[in-house]
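First up is the structure itself, then whatever we jot down about it.
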Amino acid sequence: MKKHIVYILLSCITLVSCSLYELDNQEPPKSEVYGNLVYNGQVVPVKNGQIPLNFYQDSYKGNGNFQVMPSQDGKINALLFDGEYKIILASNQGAYEENATPYILNVKGKTELNWEITPFFFVNKATYNCANKQITAKVDISKISQNRDLEFVSIIVSKSIICDRINKEKEFILNASDISNLSDIHITGDLSDWKNDYCFVRIGVKSVGNTFYNYSQVQRIEL
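Just so you know, the sequence shown maps onto residues -22 to -1, 1 to 201 in mature numbering (1 follows the signal peptide of the UniProt record, and there is no 0).
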C-alpha cells in the first residue's frame, strides 16, 4: 500500500513538474500589433491608459485574453500571439460613441490595426502663443456627436509630457456660453507663478453629462 502511495505521489509530482516546465518554456508573444485610434483617417488623442481595447482569443493552448491601452497620442502597440482575435472597445471609458460590435483581427507577424472611433468632439487645430508667461490658445474644434452638447474647452498645463484632466498642474477653462464659433476659440491663462521655463499643454474638450475629455495632441511650450 505504501509503495502505491509513493508511486502516486511521484506521478503527481512528475505531472506538475512537466506542466511547470511547459509553462516556463512557452514562447512569449512576438507578433507586433500596431496602429492608431482614428476618426475619418485622423489620429484621435486620448488620456494615457484610458481607453482599453479588449482582445479575446479562443485557443486550445489557453493563451488567454489581452487588454491593450493606447497611449495618449492615440497609438496602439502590443505584442500578441499569432491567431484570430475578437476585439471589443471598452464601454464608458472615454468621450466617444459606444460600439459593442466586435472586430475580428487575424494576427500573423507584424499586423496593422487602425481602430475607428467616433469622438464627441474633435480638435482640428490648436496653436499656442506665450508672452510674459501669459499663454493664449487658438482652437478649432468640430462637434461630431449630435447627442452631446459642449460644456467647456480648456488649456491643460502639466510639468510632464503626461498631460490630461487628471495629470495636470493648471487648467484654464472657457465655458460653452462664452463660445460663439467652434472654429475660432480663444483661451488665455496666467502662468506668472510657473517656475519652469517650459510646460506641456494640450486642449481638453468636455461634453455635458460626461466625465471624460476629448483632446488635442500634447505640445511642449517654452515660456
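Just so it is clear, CB atoms sit at the ideal spot from N, CA and C, and this is done for glycine as well.
Task: Three-state secondary structure (DSSP) of residue -2 - done: Confidence at residue -2 is low in this model, with a pLDDT of 40, below 50, so the placement of that residue is unreliable and no value is reported for it.
- [ ] Assess, as a yes-or-no matter, whether the region 75 to 92 is touched by the region 110 to 121 under the definition of 3 or more beta carbon pairs within less than 8 Å.
- [x] The answer is no - the region 75 to 92 does not touch the region 110 to 121, with fewer than three Cβ pairs under 8 Å.
Task: Paired residues, beta bridge with residue 167 - DSSP - done: 113, per the DSSP bridge assignment.
Open item on the list: Contact defined as beta carbons within less than 8 Å: I believe residue 101 pairs with residue 183. What is the distance between those atoms, to the nearest angstrom?
Closed with: Indeed they touch by this definition, with Cβ atoms about 6 Å apart.
- [ ] In angstroms with no decimal places, state the Cα-to-Cα distance between residue 132 and residue 94.
- [x] Taking the straight line from one Cα to the other gives about 25 Å.
- [ ] Count the other C-beta atoms from every protein chain shown that fall within 10 angstroms of the C-beta of residue 70, then say buried if there are 16 or more, exposed otherwise.
- [x] Counting Cβ neighbours within 10 Å, residue 70 comes out exposed, since fewer than 16 surround it.
TODO: Indicate the three-state DSSP secondary structure (helix, strand or coil) for residue 94 in the structure shown.
DONE: The three-state secondary structure of residue 94, taken from DSSP, is strand.
Task: Coarse secondary structure for residue 36, derived from DSSP in three states - done: Three-state DSSP puts residue 36 in coil, outside helix and strand.
TODO: Could you name each continuous alpha helix (DSSP H) segment of 4 residues or more that falls completely within the region 119 to 163, going from the start of the chain to the end?
DONE: DSSP runs (the alpha helix (DSSP H)) wholly in the region 119 to 163: none.
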